[in-house]
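If you read the sequence shown in my numbering, its first letter stands for residue 7, the second for the next number, and so on.
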Amino acid sequence: MSTFPSSEVTCMLPVKDMERARRFYDTLLGLQPVGGKPDGKFVYRCGGTEIALFPKPEGTKAQHTALSFRVVNIADAIALLKSRGVAFADYDYPDLKTVGHVCVLGSEKAAWFEDTEGNVLCLHEDLA
């Protein structure tokens, strides 16, 4: 019996300020906290995935989407998160344009925002 691939995945996100990041993930995103780990990580559960915030004084340098949440209705999800204080990015590039924070990319709609630590997060809704 193979142990890989695992049935669960943990996404690791670097954070400069754990307290500030936890307020964002607890309050604004409303994720289910699992708890702290002896090595300083703090873990959340989201569906069958865990999101582990880990302390990193210099934070993140990534300019790509670190985490994307699949939602059933992106407009409703955006409205909910905006009501909690999440700020969404808008883009106007030749190959990427958002309207009402949403960009249609082939078979999905997507909207991006950053957490308090500079990690780029996304909502996406499958179109088909």
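The C-beta atom is built at its ideal place from N, Cα and C for all residues, glycine as well.
Provide the residue span of the alpha helix (DSSP H) that contains Lys-88, from first to last.
80-89
Rounded C-alpha distance that separates Val-15 from Gly-53:
10 Å
To the nearest angstrom, how far is the alpha carbon of Tyr-99 from that of Ala-134?
25 Å
How would you write the range of the beta strand (DSSP E) that Glu-56 sits in, first residue to last?
55-61
Could you tell me how far apart the beta carbons of Leu-127 and Leu-73 are, in whole angstroms, since I believe they sit closer than 8 Å?
5 Å
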